[in-house]
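S.K.:
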Amino acid sequence: MDPDDQVCLCFRVSLRKVRTFLNREDPPVASQLADCLGAGTGCQWCVPFLKKLHARKQAGEEIDLPVSPVEYAALRATYRRTGERPTNGDSGQPPTSTDPPT
């Protein structure tokens, strides 16, 4: 995903904005990413991705998502239609059943 691609499609929050927020604010829990222009507070699609970005920051890894914006938007459209997320780890999507609560 490129820096100007949107992670939160509801509120048009880009990966660059999330990275900047993580680096500047260093939130102790992923749920505080909601303070970054409301990221994750709309349809909830991006919450697992935000958690992954937060975990990468906490681990000292590159804050990035290995998914194309086209694929990301298509997966979200499926989620909005069916209410179900992919659970196989494809496209940078962490399995929701193993996400720790924040």
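The sequence shown begins at 5 in the numbering used here and counts up by one. Quick reminder that beta carbons are idealized off the backbone N, C-alpha and C, glycines included. Here the structure is a predicted model, which is why all the values come from computation and not from measurement.
Buried or exposed: where does Gln48 fall if 16 or more other Cβ atoms within 10 Å of its Cβ makes it buried?
M.R.: Under this definition Gln48 is an exposed residue.
S.K.: Could you spell out where the alpha helix (DSSP H) holding Val51 opens and where it closes?
M.R.: Start and end: 51 to 62.
S.K.: Can you tell me whether DSSP reads Val33 as helix, strand or coil?
M.R.: Looking at Val33 - three-state DSSP - the assignment turns out to be coil, as it is neither helix nor strand.
S.K.: Assess contact between the segment 30 to 45 and the segment 73 to 85, defined as three or more Cβ pairs (one per stretch) separated by less than 8 Å. Is contact present?
M.R.: No, the segment 30 to 45 is not in contact with the segment 73 to 85.
S.K.: For Pro70, is the classification buried or exposed, using 16 other Cβ atoms within 10 angstroms of its Cβ as the cut-off for buried?
M.R.: Exposed is the call here.
S.K.: Which word fits Gly87, buried or exposed, when buried means at least 16 other C-beta atoms lie within 10 angstroms of its C-beta?
M.R.: Exposed, by the Cβ-count rule.
S.K.: What span of residues does the alpha helix (DSSP H) with Val74 cover, start to end?
M.R.: Run containing Val74: 73 to 86, per the alpha helix (DSSP H) assignment.
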